[in-house]
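Read through the structure below, which is laid out as structure tokens, and then see the notes.
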Amino acid sequence: MHGKKILVTGGTGQVARPVAEALARDNEVWCLGRFGDPAAREALEQAGARTVVWDMGDGALPDLPGDFTHVLHSAVHRGDGRDFERTARVNSVGTARLMTHCAGAEGFLHVSSGVVYHRDEPTHRYREDDPLGGAVPWLPTYPVAKLSAEGVVRGLSEALGLPSVIARLNIAYGPYGHGGVPMILFRQMREGRPAAVPHRGQNYCNLLHTDDLVRQVPLLWQVARTPARVVNWGGDEEVGVTDLLEYMSALTGVPLRLERSDRSRETAVFDHEVRRGLIGDCTVGWEAGIARTLGELFEEYRDRVDAHRATAPEGGRHAQSH
Ligand code: NDP
């Protein structure tokens, strides 16, 4: 994209920061947030983005231009697991203020999550029209945050005539922030902590590398419409979480201890038909992407990982299923 005026929320986060930095090269990018991490704010500004303080929970937007062409709304207040009322209000009112201010934009991209789906069997491939409800035992307010914001996006997309996309993200990972769920799991392995896995089989997910995510944001804006379009957003491959852990252990030599239990974090796999039809396939295979990310985030394993990367294909095995 060139010469557009783009408003980003959640720009200090793992998902939106690489997008904001990439877009700031050729566009006017404004990032809103609380900027509790001054280093992330500085990095955004160094990349050419403007930063303005806004807390979604605090009320009106700061003084901003009114002519943004595109909005990436990635900020989320996930809640503390008990503050349902506040979680619903912060996310829905924040989203409403943003959409109202940017009513004339060409595209509004709201980053939602697979946590909105009513839980089905572990092997179920969630489709966009599947039952909603969500269930996140370790953070029950999170699906409420995402569902309430989705409702606002649907409502204001139609009421304001603002072309919108609700992209339900699977698991994003890459060299930004904490690196995403795979790198959180790797850090636990490094600390010698056991990895909780289910009693039978394994959990599956669709890992989406930052490179694909950054490339796909402008494509998603292109398919924004009224009423808001809903699309599952994940990597092409179905990745077993136990396979992922074993792969990271083999790559780095860090021992893996699996703990079969009832408390493993459930993940989800998506049906990709809608996303593929709209914006096409991904380009980064999960093994190559994980190897690259480990090398980027953990210097001590870089040589081992680089030696392996020389033999691993960059592209993935498309439509691989379990
Ligand atoms: P992070 O936790 O890394 O970042 C959250 C972002 O939200 C930060 O930039 C933070 O900015 C901003 N934020 C939080 N509270 C407020 C607030 N009250 N006012 C303004 N900004 C706020 O999240 P991710 O980057 O991982 O996630 C981004 C989006 O993607 C979220 O909507 C999430 O639900 C969704 N998602 C992410 C997945 C993933 O794999 N990462 C998977 C599925 C969905 P600051 O602290 O500066 O205010």
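Residue numbers (the numbering used here): -15 to 306. Virtual Cβ for every residue (Gly too), placed ideally from N, Cα, C. Here the structure is a predicted model, which means the values were calculated and not measured.
Asked                                                                                                                              : Found
Alpha-carbon to alpha-carbon, T277 and V214                                                                                        : 29 angstroms
S97 CB to nearest heavy atom of the ligand NDP below 6 angstroms                                                                   : yes
Reduced DSSP secondary structure (H/G/I, E/B, other) of G91                                                                        : strand
beta-carbon F19 near the ligand NDP non-hydrogen atom, thresh 6 angstroms                                                          : yes
Beta-carbon contacts of L131 that lie in its chain and below 7 angstroms, excluding the five residues immediately before and after : V100, L116 and G118
Collapsed DSSP secondary structure at F170 in the structure displayed                                                              : helix
Residues that DSSP places opposite G224 in a beta bridge                                                                           : Y188
Proximity of N154 and G98 at Cβ, strictly below 7 angstroms                                                                        : yes
Cβ neighbour criterion (16 or more within 10 Å) applied to S245                                                                    : exposed
Reduced DSSP secondary structure (H/G/I, E/B, other) of Y110                                                                       : strand
Given 8 angstroms, three or more beta-carbon pairs between the stretch 41 to 50 and the stretch 225 to 239                         : no
Identified DSSP bridge partners for E12                                                                                            : K(-11)
Coarse secondary structure for S58, derived from DSSP in three states                                                              : coil
Beta carbon of R259 nearer than 7 angstroms to that of N216                                                                        : yes
Nearest-angstrom Cα separation, counted from I274 out to G91                                                                       : 31 angstroms
Per DSSP, cross-strand counterpart(s) of R313                                                                                      : A query on residue 313 cannot be resolved here, the shown segment of the chain reaching from -15 to 306 and no further.
heavy atom of the ligand NDP below 6 angstroms from H61 C-beta                                                                     : yes
Proximity test, I274 beta-carbon vs the ligand NDP heavy atom, cut-off 6 angstroms                                                 : no
Candidates E280, D220 and W38: closest to W270 by CA position                                                                      : D220
Closest by C-alpha distance to R9, when choosing among D21, R34, R18 and G17                                                       : R34
Terminal residues of the alpha helix (DSSP H) in which A80 lies                                                                    : F68 to H85
Cβ shell of H102 (< 8 angstroms), same chain only, five flanking positions each side left out                                      : D114, P115, L116, G117, G118 and A119
Cα-Cα separation, T107 to P182                                                                                                     : 13 angstroms
The stretch 193 to 204 / the stretch -3 to 5 touching (three or more Cβ pairs under 8 angstroms)                                   : yes
Top-ranked residue by Cα proximity to I(-10), from M232, T226 and P202                                                             : P202
Buried versus exposed call for I168 [16 or more other C-beta atoms within 10 Å across all chains shown]                            : exposed
Distance, S141 Cα to T53 Cα                                                                                                        : 15 angstroms
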